[in-house]
Every structure is written in C-alpha cells, then in structure tokens.
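Presented below is the structure to which this report refers.
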C-alpha cells in the first residue's frame, strides 16, 4: 500500500515544482527515509563536480534503508508515466551522469550504516559496506580492525557504489586489479524494483553487469569488499625522466612484478606528465620538493616534457629495517635521472588521503568548485608512444591547467565478464587529463578551450588509429555508445532489457531513453 501512495505522490510532484516545500514525506507512509523538494536539495542534485552540466530533478530521496530505494524504483517501474531515477554518491561525476532531469535523485552518501567485518573460507577477510558509504569512511572503519581494502582510487571521498559502477582504479590496480575485481557480493535494486543479492556464483549476469555498468542495471545498496591487513607506513618515491621510452619501459617492468612477494615489488605504481614547471608539484599530491626545485629546461626534457614515476612500498615497524634495502634493489633496475629522486615516509592513511589534503588548500583559495573538463582514456600499450608524440608533445602545448596521470595496468587483473571496456592488449595505460577551468583571463584555461582540446585529442586518436577507450565515458548518441562497447554492446543491451526494461535507471548517462526502451533487435 505504501508504494501506491508513493507513486501518487511522485505523480503529483511535477505540479508543485515551483513550490519551495511540498508537505509530503515518506515518514508519513511508514518508510524510513525522506522525499524532499527543498530547493537546496534540488540544487545540489542538479549539478556535479564537472560544473558545466545542469539537470533539475523533481525530488531528492534521502533513503533510510534499501527498502526505500526498492519502493521508489518499483513505483517508477509500475508508473504509466514513468520517471528516471539516479543514484548520487559524492556527486563527483563530470558530465551529469548522476543527474535525473525531471526525475528523482537518490542521495546515497547522506545515509551511513555501520560497516561489518567478517571472514569466510570462500572469501577470506571482507567488509560489508553500504553502497553510499565514502571510501574514506570505509578506511577509517576497517582500520579499527587493523584491516583495509586492497584496491583504491586516488581520491577517497567517492562512494563505494559510484566507483564500483565505473571500475575504481589507482596505482594498486596493476597488482590487485581495479576495485571491481575485489568485490565478492552485491545487494542491488534493479530497474524493476527488486532487491537482489548477486555474486560470481548466484545471479551472475546481474553481478557482472552492475560492476562497471554505469548504473544501468541496478543501484548498489551493499557491497562485500575484500580486505587485507593494513600496513602502518609508506615509503613514497618520485623520480623524473626526460625520455618517454625509458619512462614507459620502467613502468611496464614494475607492473610485470605483480604477484611477487611484497619485498620484491612496489605496492603502488603511477606516473604523471609535466609540460610546464608549475606542475612539478600539483594539487593531487602533498609531496613537496620545494627544497630542490626542478626546471624542465635544466633536465634536457624530450620535446619540452618531463615524466614522473611515482612508487610506494608499504611496511610496518617489524619490517622497517628492510625497507631501504628492498627499495634500493628495485631502484637499481630503473633508468631515471639520478639527481631527481625525492623520497618521503608517511603514515599509510596520510598517503591514501593525499588528494583530500590538497583539496582543502584549493577550497581555501576558491579553486576547487570550478568547472572540471576532465578526460580519462585507456590507451593500448602498443600506441602509447604515438599518443605521447601527438598529445603530450603536440596538442597540449606548454599549459595543462591540471595534472596529467599516466600509468599502465595488466589486463589479466580485469574480469572480462564485467561491463567495463578496456583495450584489447595485455597492458594498457590510463591517461587522465584532470584539468580545471579557471577565470584568470588566460584563454588556455577557459572551459571552452579545454573542452575543445579534449575533442582535439579524441579526433587525433581516431585519425591516428589509436584504439582508445574512455574511462568514465561520456557520449551523446547511442551510435557512439555502441562503438564504445564494441563486442560487449549485445550483452550490455541484453542485460538492460532484463534488469531495467523501462530505462528508469541512470538517465544522466544518456545511453538509453525512456521513450525508446531497448526492446527491438535493431537497437
């Protein structure tokens, strides 16, 4: 009965869009959460981190339980008129992927549930986590047990459901795989309003579809995540390269050591590109080299570009006496500029939370809540040198407006049954252009210039035959989405028909339209 009342309420809400408050809440229907049309809630749900896409929902659901989400989605599914439903975590999407124009946005991160830790013969150590929980809070909770997840993103103020719907990558991915490879079980609300528990053994199609599925098949309300004993400290090292070939050779060597004992490999391998002196130290890291400033011109940079390799080794007090020896043994096999080594030791939590510390500094200067025309690409190993020549040494010039990450990953750490699309090579690179559009009067920092530059990069890749795949993809036509998914499009479409046949979920991704559900075989 409650669902029918909720359906009626949602049918009436569009009439009240201009009214600041509608006097209906789910509390009155005997449900835990709150359905809000408060202008502040609506405004928050209308924008995201990208800062240049706006879509206003009719209402915002603050769920009190997974059952609230079931009721909302079931109402949308059973409604003759229908409405879109999007799950919003920390709102860190770039192109409105978590928005729902004229629909309802679920604020997943506003509800916190106590994390539970357990172990089993099948899964080993694990944590059961609410889908809207932020990874920083997962870390704080698991550390109480001396444990931590194995795989991370660089920024921890993202929701569990949000990163699992995309992939979830960082410098640990070469060894442990992305976050979607470190999940044992999910509770998911499908587009038909059904709460389903799924895993590699049970309801497999839903499990693999949801992982990297861009929110198209269900809303993650619980995830069972793999844990490991948490290290205490991190040895954090940066070195510079003037030659791209030496940089990539060393990166690929380091990730080839995956599976080796911890003493014979680094725990984290990333890198970034430096095309101007101001980015030796950038916002994504609190690592400081102020005592020994580096100038690109002084190091004979290849084409005016430097490359930074970033590595860490985890350790505890009991193994601290071995760290110097283990790091030195690995470093001897690398080909960096000898004078460019910067090393520091940090608590494990400080290293993982490094980007947030820089965020706070930017917020204090009013430089965080600005448009972010980011572009994230997976580039095949065989074509990364062509990308370097055409983009890093070509299109970008000597101004980037933000850090550029580049690091390789092993394809065998990604489950091909998931919805994520990666290049068809054993090793591929993430290239992440994490730029900010600033109102400084410089044409190279404007939103228009950076957006145009992103299109130039994509056009260059297409013309040069570089088979890139977008990570956190954004397209405007279904033809583009078909091209993105390639051979996976047919199974993606099949899963959509099965789990969200009325195209209710994640309308902000712009893959399917409710007016044209994926029924026909020609879709």
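Numbering (mature numbering (1 follows the signal peptide of the UniProt record, and there is no 0)), first residue to last: -20 to -1, 1 to 503.
No residue lacks a Cβ here, since even glycine has one placed at the ideal position from N, Cα and C.
All of these numbers come straight from a predicted model, not from anything done at the bench.
- In the three-state reduction of the DSSP assignment, residue 91 falls in the coil class.
- Per DSSP, the beta bridge partners of residue 42 are 14.
- Residue pairing of residue 290 in beta bridges, as defined by DSSP: 218, 250.
- With contacts defined as CB atoms closer than 7 Å, residue 408 and residue 361 qualify as a contacting pair.
- DSSP, reduced to helix, strand and coil, places residue 99 within a strand of the structure shown.
- Two segments are said to touch when three or more pairs of C-beta atoms, one from each, lie closer than 8 Å; by this definition the region 219 to 227 does not touch the region 133 to 141.
- Excluding residues up to 5 positions away in sequence, 57, 62, 171, 494, 497 lie with their Cβ nearer than 7 Å to the Cβ of residue 482 in the same chain.
- By the neighbour-count criterion, in which a residue is buried when 16 or more other Cβ atoms sit within 10 angstroms of its Cβ, residue 183 is buried.
- Our two residues, residue 231 and residue 250, have alpha carbons roughly 8 Å apart in a direct line.
- DSSP places residue 104 inside the beta strand (DSSP E), whose first and last residues are 104 to 110.
- Residue pairing for residue 390: DSSP places it in a beta bridge opposite 407.
- The Cβ-Cβ distance between residue 115 and residue 138 falls below 7 Å.
- One alpha carbon belongs to residue 217, the other to residue 326, and they sit about 11 Å apart.
- Between the region 391 to 409 and the region 189 to 202, the count of Cβ pairs shorter than 8 Å is three or higher; the stretches touch.
- According to DSSP, residue 84 shares a beta bridge with 39, 65.
- The DSSP-derived three-state label of residue 495 is coil.
- Spatial neighbours of residue 75 in its own chain (CB-CB distance under 6 Å, excluding positions within 5 residues in sequence) are listed in chain order as 30, 33, 454.
- Under the DSSP assignment, residue 179 falls in the beta strand (DSSP E) whose first and last residues are 175 to 179.
- When beta bridges are read from the DSSP output, residue 203 appears opposite 109, 166.
- For the pair residue 167 and residue 201, the CB atoms are nearer than the 7 Å cut-off.
- Looking at 77, 83, 44, the one whose alpha-carbon comes closest to that of residue 55 is 83.
- Between residue 108 and residue 204 the beta-carbon gap is near 5 Å, inside 8 Å, which marks them as a contact.
- Taking the C-beta atoms as reference points, residue 390 is found nearer than 7 Å to residue 235.
- The Cβ neighbour count for residue 345, taken over all protein chains shown within 10 Å, is under 16; the residue is labelled exposed.
- Rounded to whole angstroms, the gap between the alpha carbons of residue 359 and residue 466 is 16 Å.
- Just measuring C-alpha positions, the residue of 17, 315, 173, 290 sitting nearest residue 324 is 290.
- The Cβ neighbour count for residue 457, taken over all protein chains shown within 10 Å, is under 16; the residue is labelled exposed.
- Residue 352 and residue 473 have their C-alpha atoms spaced approximately 30 Å apart.
- The beta-carbon distance between residue 95 and residue 209, rounded to whole angstroms, is 17 Å. This is too long to meet the 8 Å contact definition.
- Non-local C-beta neighbours of residue 211 in its own chain, meaning closer than 7 Å and more than five positions away in sequence, comprise 294, 295, 296, 328, ordered along the chain.
- Per DSSP, reduced to three states, the secondary structure at residue 415 is coil, with no helix or strand assignment.
- When only Cα atoms are considered, residue 383 and residue 73 end up about 18 Å apart.
- Contact check for residue 50 against residue 175 passes: the beta carbons are separated by less than 7 Å.
- Nearest C-alpha to residue 144 among 67, 403, 105, 449: 67.
- With 16 or more other Cβ atoms inside 10 Å of its own Cβ, residue 386 counts as buried.
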